[in-house]
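In the working numbering, the protein residues as written are 1 to 557. All residues carry an ideal CB built from backbone N, CA and C; glycine is no exception. Accompanying notes for the structure given below.
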Amino acid sequence: MSQIDAYTATLTESRAPKILKKADNYDMKKSRYSKMTTCALAGIEGVPIEIELCLMAGLPAFDLGGNCDSTVKESRDRVRAAISNSFYVFPKGKVLASYSPAAFPKSGTAFDLALALSVLEASGQITRPRGAPEIAAFGELSLDGRVNTIPGILNRLLTLEKAGIRKVIGPPCEFDCSKYLSNCTYYVVSNLTEAVEIYSGIVPAKKVIAKRQIDLQSIDKHKKSNSASVLNRLAGQEAGIRAITIAAAGWHPLLLMGAPGCGKTSLAAAVAEILPPLSDEETLEVLLVEQIADVATHRKKPQERPFRRPHHTITASALLGGGVPPKLGECTLAHCGVLFLDELTEVKPKALDVLREPMELREIHLARSSWRITYPADFLLIAACNPCRCGERLEADGDCRCSEYSVERHLDRISGPLYDRFDLVSQLNRVKAPTLEASLQQNNESRAVKIKASVESAWERQKKRCERLGTEFYFNSLIPAEELLSFMQMNEDCLKFISELAAKMCFSFRSFHSVLRVARTIADLRSADVVTEEDLALALDYRLALPSIMSERSDIA
Ligand SMILES: [Zn+2]
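Next comes the structure, spelled out in structure tokens:
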């Protein structure tokens, strides 16, 4: 044995037992490590995130790992301040937190509360009672320890419940979230101390849930007067009312074209009124969208369909959604409701072109940096535009002096592929004074009820037909091309009639299919199973090729 080996042997003998003894006393799992579940957002859905935290010897440092962006890294100072200001001790040495799954990019302030609780647990200042179920937490911390609200509370709660968590601590929500949860309890806290008390079971956890008080009576009153005013403004505009009824009954995209003052905007507002209320499933979807939206949607009832009317200067990313991380746009805010684009020819062509994808897929896929997000976007597009620069082209006694070239340029702003996606194009004229007078005397209130009932029964028929054919539910506008014939139920003569017409008018495949779909809705509105030639002829009326508007003027002359 060499001298060095002998020295090492004596050293191991004399010191090793001491070190071992120290490590025995030192329960690594209990006091230096902690694990906590929280929740991030990806679109309208949540992603459970696990925060692992470890206290290590070394120079004082506080590091966050696992694909955290700068907004998450800012939380280090907030958590440190909130812990000190709530009279707990921030541990000395190196603090390392790791967020997983690391492949998912993390952003925002929602993880503050979970991170603070992890620090306190790892440093042995709090412990979860033995046998207590796993607790998840989310919420933003103020420097003084208050817990601030964050977007998407309900979205996160539903995700955590699905992941098997039974207790969640978080900030107050503006409405009663608990009625959407069946197996999970949400504990609302206003500061870090309260969160600690609930986490460690010091106080018997009591559910405190903020409820938004809604004065239902006043809303009903407001609603009634509002709907009456929309209908009065529509008096006499029969062609327009017919078009919006078909659009609402079959969820068909509609383009209203007419002179200023012919009632295009009122017609669009009326669509939202005549659509049946949201189903329970849709109500939740719309609520989840509103939870993560930056803007107030001003819906007065949970079942009210969204109606979005962005200004025509809107950009493509405000319409579709964008940024890093990708935020939702107007298309998603209009999910299950109406997206109204006024002055369609004034909207930037780039912004209009992005509409084609959501109109087809009913959702929006955004890829920005390492983010891949899908937002729902099943909206009914209603657009309005003037037929020419001055707007008078379709009026018989109008004074349009626009040249053919300027009309062409005006309408050219709507690209062919987008124009093709409008199942209905309705050309409107101003209501003449005598018609207006006669129609004002009609009872518009009962008329609205009738229109609403016919739309509702058309929806019912579509649902039953899908059940009968054993397919998932589609509105008529969304029937897949390969299944169109089985949905149409028309005879040979009808098929021949429409095929010949399509050949004569040089229809694209998409236009041909959209005529069939509109004819199906027209038949549904008169409660018929079989589509007739008349239905097809009516549907063709709404399928005008753009150049026809240019010859319109010479027809009138
Ligand atoms: Zn003109």
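Distance cut-off 7 Å: residue i Cβ against heavy atoms of ligand 1
i: E472; result: no
i: C177; result: no
i: R156; result: no
i: C390; result: yes
i: C400; result: yes
i: R430; result: no
i: R393; result: yes
Proximity of residue i and residue j at Cβ, strictly below 8 Å
i: P302; j: T283; result: yes
i: S477; j: R517; result: yes
i: L64; j: S34; result: no
i: G337; j: P306; result: yes
i: R356; j: P310; result: no
i: S514; j: D423; result: yes
i: I382; j: Y375; result: no
i: S98; j: D69; result: no
i: L501; j: I414; result: no
i: C400; j: E408; result: no
i: Q237; j: V431; result: yes
i: H252; j: T521; result: yes
i: L275; j: A248; result: yes
i: I314; j: V354; result: no
i: L339; j: R308; result: yes
i: I246; j: L525; result: yes
i: E50; j: S123; result: no
i: R166; j: G46; result: no
N-terminal and C-terminal residue of the alpha helix (DSSP H) that residue i is part of
i: H410; result: 404-412
i: D176; result: Unbroken run through D176: none, as it is neither H nor E.
i: I314; result: Careful: I314 lies outside any alpha helix (DSSP H) and carries neither H nor E.
i: T159; result: 153-162
i: E304; result: Unbroken run through E304: none, as it is neither H nor E.
i: V289; result: 280-292
i: Y574; result: Nothing about residue 574 can be reported from this structure: the residues present for the chain run from 1 to 557 only.
i: M559; result: With the chain covering 1 to 557 only, the question about residue 559 has no answer from this structure.
i: G250; result: 238-250
i: C39; result: C39 -> not in any alpha helix (DSSP H); beta strand (DSSP E) instead, spanning 33-42.
i: L431; result: A quick correction: the sequence has Val, not Leu, at residue 431. Here V431 belongs to no alpha helix (DSSP H), and DSSP marks it neither H nor E.
i: V119; result: 112-122
i: A270; result: 264-274
i: I498; result: 492-504
First and last residue of the uninterrupted beta strand (DSSP E) at residue i
i: V425; result: 424-428
i: L55; result: 45-56
i: I135; result: 135-137
i: V188; result: 185-188
i: L255; result: 254-258
i: D63; result: 61-65
Near ligand 3: residue i beta-carbon under 7 Å from a heavy atom
i: F379; result: The model on display carries ligand 1 but not ligand 3.
- prompt: Counting only runs that start and end within the stretch 67-105, where is the alpha helix (DSSP H) found for 4 or more residues in a row?
  reply: 70-73, 75-85
task: Count the C-beta pairs between the stretch 287-297 and the stretch 474-488 that are closer than 8 Å, then say yes if the count reaches three, no if not.
output: no
- prompt: What are the start and end residues of each continuous beta strand (DSSP E) run of 3 or more residues lying completely inside the stretch 336-419, in chain order?
  reply: 338-341, 363-368, 371-376, 380-385
field: Three CB pairs or more closer than 8 Å across the stretch 172-183 and the stretch 142-162
entry: yes
field: the stretch 110-119 contacting the stretch 68-76, beta-carbon criterion three pairs below 8 Å
entry: yes
task: Decide if the stretch 457-464 is in contact with the stretch 496-516; the criterion is three or more beta carbon pairs, one per stretch, under 8 Å apart.
output: no
Sufficient close CB pairs (3 or more, under 8 Å) joining the stretch 138-150 to the stretch 83-95: yes
message: If contact is defined by three or more beta carbon pairs under 8 Å, each pair taking one atom from either stretch, is the stretch 259-272 in contact with the stretch 121-131?
response: no
- request: For the stretch 515-548, list the alpha helix (DSSP H) runs that are entirely contained and at least 4 residues long, ordered along the chain.
  value: 533-541
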